[in-house]
Amino acid sequence: MNARIGIFLLGTAISGSVVLAQPCGPVFADKLLESPTNPLQHLGDSIAVSGDLMIAGAPNGLFHANPQPGSATVYRFDGTAWIHDGFLQGPDILASDLFGDAVAIDGDRALVGSPLDNHSSANDPGSVYAYRFDGTDWVRESRLWASDAQSGDEFGHAVAMSGNLAVIGAPYDDDQGNLSGSAYIYQHNGTSWEFVTKIIPPQVDAFDRFGSAVAIDGDRVLVTAPVSTTQSLFTYEDSGSGWALVDAINIRGLDSSLTNPGESGIAVSGDHLVLGAEQSSSDPVFNHGAAIVLERDGSSWSYQQTLHPPAPLSEDTFFGISVAAGPASLLIGSGNGTAYLYRDNGAGWALDYDWAAAGTFLGWAVAIQDDTAFLGAIGDSTSETAGGAVSVYDLNCPSQECAADFTGDGLLDIFDVFAFLDLFNAGDLGADFTGDGSLDVFDVFAFLDLFNAGCP
Numbered sequence: 184m185n186a187r188i189g190i191f192l193l194g195t196a197i198s199g200s201v202v203l204a205q206p207c208g209p210v211f212a213d214k215l216l217e218s219p220t221n222p223l224q225h226l227g228d229s230i231a232v233s234g235d236l237m238i239a240g241a242p243n244g245l246f247h248a249n250p251q252p253g254s255a256t257v258y259r260f261d262g263t264a265w266i267h268d269g270f271l272q273g274p275d276i277l278a279s280d281l282f283g284d285a286v287a288i289d290g291d292r293a294l295v296g297s298p299l300d301n302h303s304s305a306n307d308p309g310s311v312y313a314y315r316f317d318g319t320d321w322v323r324e325s326r327l328w329a330s331d332a333q334s335g336d337e338f339g340h341a342v343a344m345s346g347n348l349a350v351i352g353a354p355y356d357d358d359q360g361n362l363s364g365s366a367y368i369y370q371h372n373g374t375s376w377e378f379v380t381k382i383i384p385p386q387v388d389a390f391d392r393f394g395s396a397v398a399i400d401g402d403r404v405l406v407t408a409p410v411s412t413t414q415s416l417f418t419y420e421d422s423g424s425g426w427a428l429v430d431a432i433n434i435r436g437l438d439s440s441l442t443n444p445g446e447s448g449i450a451v452s453g454d455h456l457v458l459g460a461e462q463s464s465s466d467p468v469f470n471h472g473a474a475i476v477l478e479r480d481g482s483s484w485s486y487q488q489t490l491h492p493p494a495p496l497s498e499d500t501f502f503g504i505s506v507a508a509g510p511a512s513l514l515i516g517s518g519n520g521t522a523y524l525y526r527d528n529g530a531g532w533a534l535d536y537d538w539a540a541a542g543t544f545l546g547w548a549v550a551i552q553d554d555t556a557f558l559g560a561i562g563d564s565t566s567e568t569a570g571g572a573v574s575v576y577d578l579n580c581p582s583q584e585c586a587a588d589f590t591g592d593g594l595l596d597i598f599d600v601f602a603f604l605d606l607f608n609a610g611d612l613g614a615d616f617t618g619d620g621s622l623d624v625f626d627v628f629a630f631l632d633l634f635n636a637g638c639p
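Everything in the sequence shown is counted per the working numbering, starting at 184 for the first residue and increasing by one.
Listed below in C-alpha cells is the structure:
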C-alpha cells in the first residue's frame, strides 16, 4: 500500500512548479457542549472571548416544557484544547430571567446579562451579574442594576467590558419617550464595579432603543440606537470631567436600504467596525438581512461596504443577526443556520467561506479571537440534552502558508514528496491534509492538489 502510494506520488509530482495556491477552508478544532446538568438551554445564544478565555450564554430554558434557569459557561484554552473552566448560575436566578442573554469577559472578570430579572418591585427591569476568577473558581462578585430601574427596561440586554471599563445597555428605558433606551457605564475599582454615569444622547427619541448593542473601542464607548431615523451610532469618551458624546453617525444616511442597523450587534477591531441589520429587506424578499462595515476616519467612522447574503436572496435569512470582527476578518451569522467568513483582500471585504447546519441555528452568536472563530448553534442536538453548542474553527488554514512545502525552501520538488511520504508511512498526522484525524488516500489527493497548485 505505502509503496504504491509512493510510486503514485512520484509519477504525479511536478517538480518546481510555482503558481498561486488555492485557499483552504477553516479547520474544525472543537465543539463545546452545554453542561449535562443543565439541558435544553440554547448554549451559544451569546459568546464573548478574551485571550485564552471564552464565555457562552445559555438563557432560554424558559421556552421548554420543563424550564430551567439560564446559565453561562466559561472555557479556558490550555494550549491544546478549550476546556470547561466554570459554570455560572445562582440560586436566585429564574428561568424567566434570561440569564446569559448577553455576556462579556476580560481577564479574571466576567459579566452576564439577565435582562428580564425582577427586583425593586418592578417587572423585568433587568440586572447584570459580575463574576471573578479567584485562582480556583469563578465566584459571584456582585449583582448590578440601575438605581432608577423601571419595569421593562431590560438593563443587561447588551454588555461589553474592557479592562476596568464596562457598559450595559437598557434599550427599553423610557426616559426620553417609550422605548427610547439608555446605557450605563461602570468602572472597576479593583474590588467591585462602581456606577459612573447613565448616558442618553439628546438625539434619541421614543422607540429608538438606544442601548440595543454596545462595544468598547479603546477608551471609547460605542452604543447603537437601531430604530432611529437620524443618528444611530453614538461614541462617548471620558473627557476627564465626565463622559461626553463625541460622535454621532446616521447609519441609514450611509445606506438607506438598511433596517434597524446595530440592533443585533456591533463589533470593532482595529480600524474597522461592523453592524448587523438582520431585518433589512429588498422587496419582495423580506428579512434577508445585511451588515454594514465602517472604517476609521480620524476620530470618526466612514462608510466602507455593505455586505449581503450570497445570491439568490432568501426570505427570513436574517443575515447579520450576529457579527464579529478580527484584525483582517469578519464573521456574520444568520438566523437560518449559516455563518459567513469575510476577509479583507485589500480592495474590500470578500466572502471567503461559509458554514451551514440546517436546524441548528449555527451562527446565532459569533466571535473571533486572533485566528480562531467561535460559532454558536443554539439548536445543536449533538448531546443527549440537545442544549446547543459552540463550534471552534482555526481560520489560519495551512495552505495559506504553502503546506505542501515540507522542506521550507519556498519551492515544491521531489524532496517535499519524500518528506510527505515519510510522515504518511509513519502514521504521523502531519500528513493529515483533510483534517479528519486519520490518514488515508484522501490525504494523498489533498497533498497532490496543493503540490500541483504550487506555493503562493
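In this text, a Cβ means the ideal position worked out from N, Cα and C, and glycines have one as well.
Alpha-carbon spacing of residue i relative to residue j, whole angstroms
i	j	result
Ala239	Val573	8 angstroms
Ala313	Ser512	30 angstroms
Ser304	Gly335	12 angstroms
Asn635	Val210	21 angstroms
Ser422	Gly562	45 angstroms
Gly531	Arg315	40 angstroms
Leu437	Phe417	15 angstroms
Val311	Pro298	8 angstroms
Thr500	Asp537	14 angstroms
Phe390	Thr380	22 angstroms
Asp527	Ala450	16 angstroms
Ile475	Asp599	44 angstroms
Gly352	Gly610	53 angstroms
Leu441	Ser411	12 angstroms
Leu277	Trp321	20 angstroms
Arg403	Ala396	14 angstroms
Asp300	Gly309	5 angstroms
Pro354	Ala341	9 angstroms
Leu458	Glu420	20 angstroms
Ala186	Asp261	Note on Ala186: pLDDT 47, under 50, position unreliable in the model; the coordinate value appears next. Using only the alpha carbons, I get a separation of about 39 angstroms.
Ala507	Ala629	31 angstroms
Ala329	Tyr367	8 angstroms
Asp554	Asn579	6 angstroms
Thr617	Asp535	18 angstroms
Ser505	Gly520	12 angstroms
Ile399	Ser564	34 angstroms
Tyr258	Asp596	43 angstroms
Asn443	Pro409	4 angstroms
Gln205	Cys585	For Gln205, the pLDDT reaches just 39, beneath the cut-off of 50, and the residue's location in the model is therefore unreliable, leaving the point undetermined.
Neighbour-count burial assignment, residue i, 16 or more Cβ in a 10 Å radius
i	result
Phe625	exposed
Ala548	buried
Glu446	buried
Ala522	buried
Asn306	exposed
Thr590	exposed
Asp228	buried
Gly339	buried
Asp284	buried
Ile266	exposed
Ile533	In the sequence as presented, Ile is not what sits at residue 533; that position holds Ala. Classification for Ala533: exposed.
Gly472	buried
Ser424	exposed
Thr374	exposed
Cys254	According to the sequence displayed, residue 254 carries Ser and not Cys. Result: buried.
Sheet register partners of residue i (DSSP bridge)
i	result
Gln644	In this structure the chain extends from 184 to 639, so residue 644 is not present and cannot be described.
Gly478	Per the sequence shown, the amino acid found at residue 478 is Glu instead of Gly. Glu478 pairs with His455 and Ser485.
His302	Ala305
Trp265	Phe260
Ser465	Val468
Ala560	Leu545 and Ala572
Tyr525	Leu513 and Leu534
Under the three-state DSSP convention, the category residue i falls into
i	result
Phe316	strand
Leu631	helix
Asp623	coil
Ala511	coil
Leu215	strand
Gln205	Its pLDDT being 39, under 50, Gln205 is placed unreliably in this model, and the value from its coordinates should be taken loosely. Note: Gln205 maps to coil in three-state DSSP.
Ile597	helix
Ser542	For the record, residue 542 in the displayed sequence is Gly; it is not Ser. Three-state result, Gly542: coil.
Ala494	coil
Leu327	strand
Phe260	strand
Asp605	helix
Leu294	strand
Ala614	helix
Ser279	helix
Ala287	strand
Ala460	strand
Any non-hydrogen atom of the ligand MG within 7 angstroms of residue i CB
i	result
Gly253	Absence of the ligand MG is noted for the structure shown, with no ligands found whatsoever.
*Counting only runs of 3+ residues fully inside the stretch 363 to 446, write out the beta strand (DSSP E) ranges in chain order.*
Annotation note: the stretch 363 to 446 contains the following uninterrupted beta strand (DSSP E) runs of length 3 or greater, listed N- to C-terminal: 365 to 371, 376 to 382, 397 to 400, 403 to 407, 416 to 421 and 426 to 432.
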